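Have a look at the structure below before the remarks.
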Amino acid sequence: MKRILARAAGSLGAAALVLVAFAGPVAAALPPAPAGVVVSGSPSNLESGDGNMTVDFSTLGVNDTDWNCFTIGPTANCKTTTGAQFITADSSGEIQWVNGQKFDTLCPATSIGNNPPKDEFVNIAQFSEADASLNEFFYGATIRATNTGNASGDVEFDHNKGANPTSLPCRVAGDILMAYDFLNGGTSLNFHLLTWIDSSNPNAGGNTGTCFVKTDSLPCWGSNVIIPSGAVSNGASNQSPIAAADNGMSGVALPINQFSEFGINLSKALGISGQCLSFPQQTWESRSSGSSFTSNPQDLEITQRTINNCGEVKIIKRTDPRGQNATFSYTSNLSGGQMKCTQSSPTSFSLNDSGNSTSDSAANTQDCTFVPAGNYSVSEGTPPSGFTFEKLSCSVSGTGTSATTSGVTATITLAGSGLVTCVYTNQLNTATMSTQVSTTSSVLPSQAVHDTATVTGNQAADTPMGTVSFFLCGPIATGSCGSGGTSIGSGTLSGSGATASASSPDVNTSASPLGVGRYCFRATWPGDTNYPAPLTEFGGTNGTNECFTVIAIPTTTKTTPSAGSGGTTTFGSSVTDHAVVQATQTGDGTPTGTVTFFICNPTQTSGGACPSPNGAQVGSGPVTLSAVLNSSPPASSADSVAITANMTGTWCFRAEYTPGGANGANYTASSDATSGECFTVTDTSASASAQDWLPNDTATVTATNGAPLNGTLSAQLFTDNACGGNGGSAVSGQLYQKTLTNATSVADRTLTTSNTTDKITTSTSVSWLVKFTSTDSNVTSTSHCEVTTLSINN
8 MKRILARAAG SLGAAALVLV AFAGPVAAAL PPAPAGVVVS GSPSNLESGD
58 GNMTVDFSTL GVNDTDWNCF TIGPTANCKT TTGAQFITAD SSGEIQWVNG
108 QKFDTLCPAT SIGNNPPKDE FVNIAQFSEA DASLNEFFYG ATIRATNTGN
158 ASGDVEFDHN KGANPTSLPC RVAGDILMAY DFLNGGTSLN FHLLTWIDSS
208 NPNAGGNTGT CFVKTDSLPC WGSNVIIPSG AVSNGASNQS PIAAADNGMS
258 GVALPINQFS EFGINLSKAL GISGQCLSFP QQTWESRSSG SSFTSNPQDL
308 EITQRTINNC GEVKIIKRTD PRGQNATFSY TSNLSGGQMK CTQSSPTSFS
358 LNDSGNSTSD SAANTQDCTF VPAGNYSVSE GTPPSGFTFE KLSCSVSGTG
408 TSATTSGVTA TITLAGSGLV TCVYTNQLNT ATMSTQVSTT SSVLPSQAVH
458 DTATVTGNQA ADTPMGTVSF FLCGPIATGS CGSGGTSIGS GTLSGSGATA
508 SASSPDVNTS ASPLGVGRYC FRATWPGDTN YPAPLTEFGG TNGTNECFTV
558 IAIPTTTKTT PSAGSGGTTT FGSSVTDHAV VQATQTGDGT PTGTVTFFIC
608 NPTQTSGGAC PSPNGAQVGS GPVTLSAVLN SSPPASSADS VAITANMTGT
658 WCFRAEYTPG GANGANYTAS SDATSGECFT VTDTSASASA QDWLPNDTAT
708 VTATNGAPLN GTLSAQLFTD NACGGNGGSA VSGQLYQKTL TNATSVADRT
758 LTTSNTTDKI TTSTSVSWLV KFTSTDSNVT STSHCEVTTL SINN
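Note that the working numbering numbers the sequence shown so that position 718 is 725, with each residue one more than the last.
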């Protein structure tokens, strides 16, 4: 038989599972039930021995229950109306045993096929319940495809479930096989119960290690056959037709012996009254050969519905977020002689959610089965460091089972077949850290900068505590202080609620200024008892909010010419320039580097100064600065080499400071090309005369009677007034001669000197000796001394 679950409200063919809820007693309107109609002690008074589906009687003044109470009713006379399970056959195929398997097969195999109609279940109903003494009652009903007269079958109660609703599990010791046989036309019922045994449990169910099938060996169904008395079981098939209106299982009319039902107090039948009993799966098996115990089952119906007269309590630990590795402690008063728990102790145990994401594991679950009905409590201890209790929620199933929560304690009322699942959730205390440098703009050396770290937790009542360590990286061109750097100290967190802040010691102080460049902070916090996870913040790859830049200190350059700013010097004098380079503030030592001097002569100045690129460099190169002692702010100076003022007018120096040397990176360049760099070159004049005289002479020789003259006419300059006769001497280069040939005219007889070099600059007397030396013997020679006296008064 391939099952189709039916709603317990009369609509056949739809799958459903309905839990039992016992109704309270009502006034009996029906006659008392005869003996054998209701199993003694049945909590629901289910009429499992009258062979029909309707309530016909009452028991001890309380209404009874029958199968129609769960389906079509009427329910006015029903004690119990919920909790039964109904299965309808699927005509497309039946679950059956695979041929060739033995009665004692450990792991039976199933297949889909078709069975002879006489062996086929059409409908099955089952219902189970427990009383206060842990007696488990099981009731069953079947409708066969044909009227067989003597109907036989088995119900196998398994401690394990098959892999799916169409498969059987491997059998384990303690599984029960209950064979039922309706004989004598369905008016009598025999029960036989066998217990599965194996080498580890050969005595289960009162066995002695031998098999029911004597030729088989362990594991097998044991040879001890339990035959319950009529006081703990009953059953019958319908001895009269059932009208369709009275058939709440299939809704069709049934002939005699096509419907059969039974009831049994399993606990008393097995001799385990007062003990927990649990079977997660039941397998219904039809047999073709009447009361033969070992005949092969034909049609199968598998129901995976737990029968349990005790309850189950699950305690599950989950963290938020899931999967945190932390151990949580619990205490409870769970107890019971048969109770089995997955953790070592039910009264004091620990759970850990480590590694879980969406599901649960053995480590985070305490699963206690076979828990006797009763009242229990479970409490969680103090959370481990870094966790806060978040919530406790409990879900329940089963009639009479309930759970309430208060803080970390679950109070449980457990009934038979009840399941309580309580989930404890503890939130991981997490915190985040943000940081902010006191300034993200540029600063000068000695302008203090600090970092502030703010830690924010997720628990309003837990303020982050401890110290934050700070590190500084730099100078770095780009990026952040993700690692390394220099420890600059720590700050203590202070705040309230879930937020606290700490600031770093100052950096770039006047006592310890930073060099020029880009710097970034990093803050680390080791966590505390409430927030154990360490945190590090450095502004990401770009150092957002954590970086600042130290820029060079500006300088001023002021120069003064040696002639004085705006002073005057004389033409041809030597002039130098004196430059003082001074920082605009203290912080990074004296300015170091060089000064290059330039000079503009009067033709090179512009606007009364010597702007770049005018002028010429002074000297062969830059001049190295020297510190000016005790200057504040710090200053250095340099002097140029001298220039010669060889032009009158306004001259101007220019001085250009180029940072360099030990402290050069800390300062900016500067220059001075103002009018304060200028000086004036002047000169004076005097009125004076300086006369000179060039002595020259004109000599003419004359013949007394006019005869032509032949000979040499000469004139010689002497330095005295007597043509050498007074100690003078002939002036070299001042002898002039002319040859006369038959000279008769004045021009021919005249000689003129042309002195241009021998000047007379002081008062003196000079003389010219004029001589004519005749070459004509008939004409005489002659000479003449001509004197000139000069008085020069400049």
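Glycine residues also receive a C-beta, built at the ideal position from the N, C-alpha and C atoms. This structure is a prediction, so every number in the text was calculated from the model and none was measured.
Buried or exposed by the 16-neighbour rule on C-beta atoms within 10 Å, applied to residue i
i: P41; result: exposed
i: S55; result: buried
i: G425; result: buried
i: A28; result: Summary for A28: the model assigns pLDDT 33, below 50, so the residue's position carries little reliability; its value from the coordinates is reported in the next sentence. A28 comes out exposed.
i: P32; result: Because P32 sits at a pLDDT of 41, beneath the cut-off of 50, its placement in the model cannot be relied upon, and the point is left open.
i: I249; result: buried
i: V462; result: buried
i: D699; result: exposed
i: S83; result: The sequence shown places Ala at residue 83, rather than the Ser named in the question. A83 is exposed by the Cβ-count criterion.
Local conformation of residue i per DSSP, three classes
i: A28; result: With a pLDDT of only 33 at A28, under 50, the local geometry of the prediction cannot be trusted, and no value is derived from it.
i: D755; result: coil
i: V127; result: Position check: residue 127 holds Glu in this sequence, whereas Val was assumed. Correct three-state label for E127: coil.
i: E684; result: helix
i: F77; result: helix
i: T548; result: helix
i: G671; result: helix
i: G68; result: coil
i: D253; result: helix
i: A83; result: coil
i: N800; result: coil
i: N371; result: helix
i: A260; result: coil
i: A211; result: helix
i: M60; result: coil
i: L716; result: strand
i: M440; result: strand
i: A333; result: coil
i: R525; result: strand
Host beta strand (DSSP E) of residue i (start-end)
i: L273; result: Taken as a continuous stretch (DSSP letters only), L273 belongs to no beta strand (DSSP E), being part of the alpha helix (DSSP H) at L273 to A276.
i: C607; result: G600 to C607
i: M472; result: Per DSSP, M472 belongs to no beta strand (DSSP E) and is neither H nor E.
i: H791; result: T789 to L797
i: I204; result: S195 to I204
i: T746; result: A737 to A750
i: L776; result: T771 to S781
i: P568; result: T562 to P568
i: I323; result: G318 to D327
i: Y187; result: I183 to L190
i: Q92; result: Q92 to A96
i: I119; result: T117 to G120
i: L358; result: S355 to N359
Distance between beta carbons of residue j and residue i, contact taken as under 8 Å
i: A505; j: T470; result: 7 Å
i: T583; j: A649; result: 5 Å
i: G600; j: G667; result: 4 Å
i: G147; j: F64; result: Between F64 and G147 the Cβ distance is about 20 Å, and since that is not below 8 Å, they are no contact.
i: N537; j: G481; result: No, N537 and G481 are not in contact; Cβ-Cβ is about 34 Å, not under 8 Å.
i: A455; j: T516; result: 5 Å
i: V179; j: R151; result: Not a contact, Cβ separation roughly 31 Å.
i: F198; j: S49; result: Between S49 and F198 the Cβ distance is about 16 Å, and since that is not below 8 Å, they are no contact.
i: C76; j: T95; result: Between T95 and C76 the Cβ distance is about 18 Å, and since that is not below 8 Å, they are no contact.
i: N223; j: W203; result: Strictly speaking, residue 223 in this sequence is Asp, with Asn absent from that position. At roughly 12 Å, the Cβ-Cβ gap does not stay under 8 Å, so D223 and W203 are not in contact.
For residue i, the nearest candidate out of the options (CA to CA)
i: Q744; options: V708, N712 and D727; result: V708
i: N316; options: G481, R178 and S274; result: S274
i: P619; options: F686, S678, P640 and V475; result: Just to set this straight, residue 619 is Ser in the shown sequence, not Pro. Comparing Cα-Cα distances from S619 to each of F686, S678, P640 and V475, the minimum goes to S678.
i: L500; options: F477, V635 and F144; result: F477
i: T796; options: S772, T657 and V162; result: S772
i: Q434; options: P539, D755 and G574; result: P539
i: T338; options: V625, A180, I322 and K347; result: I322
i: P609; options: V625, S572 and T687; result: T687
i: G59; options: T412, D73 and S51; result: The sequence given here places Asn at residue 59; Gly does not occur at that position. The option with the nearest alpha carbon to N59 is D73.
i: G628; options: F604, P641 and S644; result: F604
i: A116; options: G169, T406, S336 and F555; result: G169
i: F93; options: W291, A211 and G550; result: W291
i: L742; options: D57, N703 and A211; result: N703
i: D595; options: A238, A680, S366 and T675; result: T675
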